[in-house]
Each structure stands twice: as structure tokens, then as C-alpha cells.
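Peer 1:
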Amino acid sequence: MAKSSREKKLIRVPSDIVAKLNEAANKAGKSFYDYTSELLEQALRCNEFGRPLKEIMDFFELMTLQRNAGLIITFSDLLNYLISLLYPKQERELHEKWYEAGVWYGTYLQVKFRNRNILDVFAKILSESWWELNEVNLAKEREGFTLRCVSFTLSLERTKLLTSFLEGVINSIGYEVLEKDCIRGMIILHFAEKRS
Amino acid sequence: MNSSKRKMLAANELLVNELVKIAERKGRVLYDFTNELITQAIRADKMGLTLKEVLDERGIVEEAKRSGFTLVFKRLWYEVLDRLYEGSEREWLIEEWRETGRWYGKFSYSRSPEDPLRALENGIRTVMWDIEDFEVTEEEDLISLRCISAGFSEAYTSLLSTFFKGALDALGYELVDEELSKGIITLKFRKKE
Numbered sequence: 000m001a002k003s004s005r006e007k008k009l010i011r012v013p014s015d016i017v018a019k020l021n022e023a024a025n026k027a028g029k030s031f032y033d034y035t036s037e038l039l040e041q042a043l044r045c046n047e048f049g050r051p052l053k054e055i056m057d058f059f060e061l062m063t064l065q066r067n068a069g070l071i072i073t074f075s076d077l078l079n080y081l082i083s084l085l086y087p088k089q090e091r092e093l094h095e096k097w098y099e100a101g102v103w104y105g106t107y108l109q110v111k112f113r114n115r116n117i118l119d120v121f122a123k124i125l126s127e128s129w130w131e132l133n134e135v136n137l138a139k140e141r142e143g144f145t146l147r148c149v150s151f152t153l154s155l156e157r158t159k160l161l162t163s164f165l166e167g168v169i170n171s172i173g174y175e176v177l178e179k180d181c182i183r184g185m186i187i188l189h190f191a192e193k194r195s
Numbered sequence: 000m001n002s003s004k005r006k007m008l009a010a011n012e013l014l015v016n017e018l019v020k021i022a023e024r025k026g027r028v029l030y031d032f033t034n035e036l037i038t039q040a041i042r043a044d045k046m047g048l049t050l051k052e053v054l055d056e057r058g059i060v061e062e063a064k065r066s067g068f069t070l071v072f073k074r075l076w077y078e079v080l081d082r083l084y085e086g087s088e089r090e091w092l093i094e095e096w097r098e099t100g101r102w103y104g105k106f107s108y109s110r111s112p113e114d115p116l117r118a119l120e121n122g123i124r125t126v127m128w129d130i131e132d133f134e135v136t137e138e139e140d141l142i143s144l145r146c147i148s149a150g151f152s153e154a155y156t157s158l159l160s161t162f163f164k165g166a167l168d169a170l171g172y173e174l175v176d177e178e179l180s181k182g183i184i185t186l187k188f189r190k191k192e
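Sequence order for the protein chains is C and D.
Position 115 (the first sequence) corresponds to 114 in numbering that gives the first Met the number 0; numbering is contiguous.
Position 69 (the second sequence) corresponds to 68 in numbering that gives the first Met the number 0; numbering is contiguous.
This is the structure we're talking about:
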């Protein structure tokens, strides 16, 4: 509900915005004034997060993309622990599964972002929505690219599995990994375009 | 953003005052700031959402991030759980899920001590993306929990049900009835004496 004041104030906005608001208010079955007030009140809430509303919307869209790609939210500690139990017995199978997931995800990104540079898109997604990665850096080098990921929370097993996942993505989007370095919480991959 | 044609918009005085304050604090021109806010709100509307839904979800996701949740591919997660469930670790796995449930129950209480059940329901609906239908209803002294998802494996159905039992246990409820089939969890609880 809008804040309770009967007084109104006028603010200047672009005329096309007014037209869009009118359309949206009609669609919602609300009066223009009520709709606008509710909307402004919610828009002001983004102040609670200390981030611009555009960034919040971008993040929401990114999360929707991840959800549509088949990702879910789960308990990090539980995942770390379960992987540590399974890894010693089924290391090879797990790496195969993570690699396959990477290939699938790379293909998914290519389908979703046909006219964009997939490598840049992927690096952005990694840095903004792979929560456990504290740092993601993609650098162009003479011979190709270097992807560097740093995490303060990933276990060794999950770091290794993430490396397989990243290799899957990189291979599926037309690159080949030339060199990899993986220690607990840090992955460095050097890769270049595949030669046909 | 500049537009050659401008119109005046009547809005609630308190809201406008608030807008002015925030715009000033951010060193922004009110016209541009308002324009940006409304543009994003319309963007949400086009996605079939209200801004309130977007902001509520952001709040819960932020909290999930801070509270040690992570993103994982659903099929990899199920694969790991199925493999462990079929192996010798089943009992341990069940206990681990119960404990995680208890933690989540307490987490829900800490988020909303006045209505932890609603906090639990809203949190699960927002955070657990693989659940298609989730409802917690209160009828007299009984709490009914229903959780449905066609994609759940048998192992995951069982583990998730254990998680819910742990969560409700932490909130002071005991199980009185349980029905489980692959992808469908129905639990009934009542307040512990």
C-alpha cells in the first residue's frame, strides 16, 4: 500500500513513461495514481539493498537464467561434505558428470545469447552469480585467454569438479584448454580457440 | 536519460519527498532518478512480476547467499544424493538432512520470530527452485505441509521430507502423519506439549 498522505505532488517524467505506466495500470486493473504510488514505494525499497534498481533487475534476470538452466539453490556445507564422501570412491564418474554439465551449459549459453560474445557472457555470469567465487578474471593474452577463479570457501574436491565444469563450457563454446592449474579455491585455465 | 517530451505526474507527497531525498543523497537529478525507477518497474511488469516480488526475492536470495547456500546443477545434486543414498552412507545422510532442516527451522525463526512458519514457507518457495508446489497450512492445532515436484527422485523425496521434519521439529512441532511417494510429500504436525 502506498504511504498515507492525501497530498499529491507533481513530478516531471518523460511522456513515453507516462504512457507505459498507464498501460501497466490498466492491465493491473488499478487507478493510475494508485499504481504509480505503489510502484514508487516499491522502487524506493531498493534503497534497503544499497544498490540501484537496474542492478537488482539485472540480477533477477540472471537468476532466472540460472534457474532455467537447471540450477538450484542448496546448502553449501552439505554439498561440500557429500562430495567429500563420494569423491574418493567415484572421482572419475563425478568429473565426467561435471564436465558433461559444463558442455551442456556452454551450449545453453550459445543458444540463449546468439549475438553476444559467449566468453564475456560466461565470465560475467561466473562473477555475478557463482556465489562461491570471490574473484573471476578473464584476460585476453597473445596466445588466447586466461580464466582465473578464486574462492575462499570451495573444498578441494569441489574446486577440482568446478575445473572440469569450466573445461566443459570452454570446449563447447569453441575453445580448447591448453594448460590448467588447480589448487583448493583457485583455478587458472589457459585456453585458445580450437584449430579446425 | 533525456526525452524531448515531458509530462507531469501526480504522486503521493510523502513518496515524492522520499524520492527527492534519495536522489539528492545520490547526487542525481530527480527527473533522471524517477525515470530510471519507473523504467525498471515497467521492466518487471513486462516479466509478469511486480517490483515487490522482485525485491522480495532479492532479499531472500541475498540472505541465502550470506547464510551459506550455493547454486548447483539440479541433476548433479540429485546424482550425488542418489549415489550416497544407495550406498552405505544412507543413515548418515538422513541424519545430516535432519540436522540441516533443524538449522533451517531456527534460521526461519530468527528471520521472523512472530511468524516463523510463514518465513519458512516463503523462504522455501523462493530458495528451493526445484519445488513446484509448496504449502504450509494451519488448521486448528494441526499444521499441514505439502510439497510436490515431478522431478524429485525417490531418494531426494525422502531426504527432503526428513529436512522438513527437522525444520518443524526446531520450531516446536511433532510429526503426527506422513505420506510419501516419489515427488510428493505430505506431512502433518502438531505443537509439542
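Idealized CB from N, CA, C, for every residue including glycine.
Note that the structure is a prediction, hence the values are computed from the model and not measured.
#1: Can you tell which of L93(C), G167(C), L84(C) has the C-alpha that lies nearest to the C-alpha of R89(D)?
#2: Which value, in whole angstroms, describes the spacing of the CA atoms of V71(D) and V168(C)?
#3: Measuring alpha carbon to alpha carbon, tell me which of R115(C), L78(C), K123(C) ends up nearest A138(C).
#4: I want to verify the contact list: residues of chain C whose CB lies under 9 Å from the CB of E153(D), in sequence order.
#5: So that I know if they touch, is there some Cβ in chain D lying closer than 9 Å to that of S126(C)?
#6: What residue does the beta strand (DSSP E) around D119(C) start on, and which one ends it?
#7: Contact check, K45(D) vs V17(C) under 8 Å by CB: the rounded distance?
#8: Can you tell me where the alpha helix (DSSP H) holding M185(C) begins and where it ends?
#9: Using a C-beta to C-beta distance shorter than 7 Å, which residues of chain C count as neighbours of V79(D)?
#10: Distance cutoff 9 Å, beta carbons only. Does M62(C) sit that close to anything in chain D?
#11: Who are the Cβ neighbours of A27(C) in its own chain at under 7 Å, not counting the five residues just before and after it?
#12: Taking all protein chains shown into account, decide if A149(D) is buried (16 or more other Cβ within 10 angstroms of its Cβ) or exposed.
#13: For C181(C), write down the residues that DSSP places opposite it in a beta bridge.
#14: Residues of chain D with CB under 9 Å from T162(C), in chain order?
#15: Which residues in the same chain have their Cβ closer than 7 Å to the Cβ of N79(C), if we skip the five residues on either side of it in sequence?
#16: Let me see if you follow: with CB-CB separation under 9 Å, is K123(C) close to chain D or not?
#17: Please report the straight-line C-alpha distance between L36(D) and K29(C), rounded to a whole angstrom.
#18: Sort out for me which residues DSSP pairs C148(C) with in a bridge.
#19: What does N121(D) reach in chain C if we use C-beta pairs closer than 8 Å?
#20: What runs of the beta strand (DSSP E), each 3 residues or longer, lie entirely inside the region 65-94 of chain D?
#21: Buried or exposed for I142(D), going by 16 or more other Cβ atoms inside 10 Å?
#22: Hey, does Y30(D) have any beta-carbon neighbour from chain C nearer than 9 Å?
#23: Grab the span of the beta strand (DSSP E) containing D176(D) for me, first residue to last.
#24: Give the C-beta separation of G101(C) and L52(C) to the nearest angstrom, bearing in mind that I take them to be a contact with Cβ-Cβ under 8 Å.
#25: At the 9 Å Cβ level, is T156(D) part of the contact set with chain C, yes or no?
#26: Of all the options I123(D), D129(D), L159(D), which has the alpha carbon lying nearest to the alpha carbon of Q65(C)?
#27: When Cβ atoms are compared, which residues of the region 95-126 of chain D fall closer than 7 Å to chain C?
Peer 2: A quick look at the data gives this:
#1: L84(C)
#2: 15 Å
#3: K123(C)
#4: Correct list: empty, because the minimum Cβ distance to chain C is about 17 Å.
#5: no
#6: It is not in any beta strand (DSSP E) - D119(C) instead sits in the alpha helix (DSSP H) that spans 117-128.
#7: Between V17(C) and K45(D) the Cβ distance is about 17 Å, and since that is not below 8 Å, they are no contact.
#8: Unbroken run through M185(C) is the beta strand (DSSP E), 185-192; no alpha helix (DSSP H).
#9: L81, I82, L85
#10: yes
#11: Y34
#12: exposed
#13: Here C181(C) is bridged, per DSSP, to I186(C).
#14: None at all; the shortest Cβ gap to chain D is about 14 Å.
#15: S154, R157
#16: no
#17: 19 Å
#18: V135(C), I186(C)
#19: Chain C residues near N121(D): none, gap ~14 Å exceeds 8 Å.
#20: 68-72
#21: buried
#22: yes
#23: 172-180
#24: Wrong, their Cβ atoms sit about 33 Å apart, outside the cutoff.
#25: no
#26: For Q65(C), the nearest C-alpha among the options comes from D129(D).
#27: E95, T99, V126
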